[in-house]
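Trainee:
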Amino acid sequence: MGVFSRKKVTEDVPVEEKRQEEAKTASSVKSVLEGSLLAEKLRQNIRFVLFATFLGIWYISNGYSTEKLHRERVLLEKEVTDLRFESISAAADLMLMRKQSEIIKRIKNEGLALEESKEPPVKLYR
């Protein structure tokens, strides 16, 4: 015999324990397929499942409300832009109507018997 000799390895685990482990594995696969394992875990963690469900529903509703607010904001911005353009055009029309030459034209068109003053206005002091 040499320095390195082979020793026969004996199994430390008895045959009966191996069979029990195989039975456990088979029963765990069976319980997963039947759904009993899932039902058991669900019963143990029902609070967490309900909390996660609540958070999911809240997250979805928050997304919808954010989209609704965004659509309203876009519509209001468009309305503000339209009103700004309308205000600018009304101010321009008013400036045109206040010109002295335009006032004289309107007086003649209306047929009013008004004349332009030849004397400049006088400032009154107290």
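The sequence shown finishes on residue 126 if you use UniProt numbering, and the numbering steps up by one all the way, no holes.
Ideal Cβ positions, reconstructed from N, Cα and C, are used throughout, including at glycine.
As the structure is a prediction and not an experimental result, all values here were calculated from the model.
Need the endpoints of the alpha helix (DSSP H) that Y59 sits in, please.
Mentor: 46-97
Trainee: What residue range is occupied by the uninterrupted alpha helix (DSSP H) comprising S101?
Mentor: 100-110
Trainee: Looking at the structure shown, is L114 part of a helix, part of a strand, or coil, going by DSSP?
Mentor: coil
Trainee: If you draw a straight line from the alpha carbon of S101 to that of Y64, how long is it in whole angstroms?
Mentor: Roughly 58 Å between the two C-alpha positions.
Trainee: Note down the Cα distance separating E74 from K68, rounded to an integer number of angstroms.
Mentor: Checking the sequence, you will find Val at residue 74 rather than Glu. Straight-line Cα distance between these residues: approximately 10 Å.
Trainee: If you drop the 5 nearest sequence neighbours on each side, which residues of the same chain put their C-beta closer than 8 Å to that of L42?
Mentor: These residues qualify, in order along the chain: V49.
Trainee: Would you identify the three-state DSSP class for V122, choosing helix, strand or coil?
Mentor: coil
Trainee: Using C-beta distances below 6 Å, list every residue in its chain close to K108, excluding the 5 sequence neighbours before and after it, in chain order.
Mentor: none
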